[in-house]
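In our numbering, the protein residues as written are 1 to 60.
Positions of the beta carbon are idealized from the N, C-alpha and C atoms, including for glycine.
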């Protein structure tokens, strides 16, 4: 899905600035990338995964 040219401009290229909140590249649909889903059917393990990520990053 993240390599879909309909959703992302120059999708097959590595452009980290694409995820910057300051100056987005092109118009990215707000629901194009939701790794944990959205709404009432959102993943129950989202908070656990985020806490593990924060813990890992602070210990590095």
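Determine the direct distance from the alpha carbon of residue j to that of residue i, and round the result to whole angstroms.
{"i": "residue 42", "j": "residue 31", "result": "13 Å"}
{"i": "residue 56", "j": "residue 50", "result": "10 Å"}
{"i": "residue 14", "j": "residue 37", "result": "24 Å"}
{"i": "residue 3", "j": "residue 58", "result": "31 Å"}
{"i": "residue 39", "j": "residue 45", "result": "14 Å"}
How is the alpha helix (DSSP H) around residue i delimited, first residue to last?
{"i": "residue 49", "result": "46-59"}
Once DSSP output is grouped into helix, strand and coil, what is the label at residue i?
{"i": "residue 18", "result": "helix"}
{"i": "residue 39", "result": "helix"}
Mind reading off the beta-carbon distance from residue i to residue j? Whole number of angstroms is fine, and I expect it under 8 Å.
{"i": "residue 17", "j": "residue 11", "result": "Residue 17 to residue 11, Cβ: 14 Å. No contact."}
{"i": "residue 29", "j": "residue 7", "result": "6 Å"}
Using beta carbons (cut-off 7 Å, strictly below), is residue i in contact with chain D?
{"i": "residue 22", "result": "The chain inventory of the structure shown lacks chain D, comprising one protein chain alone."}
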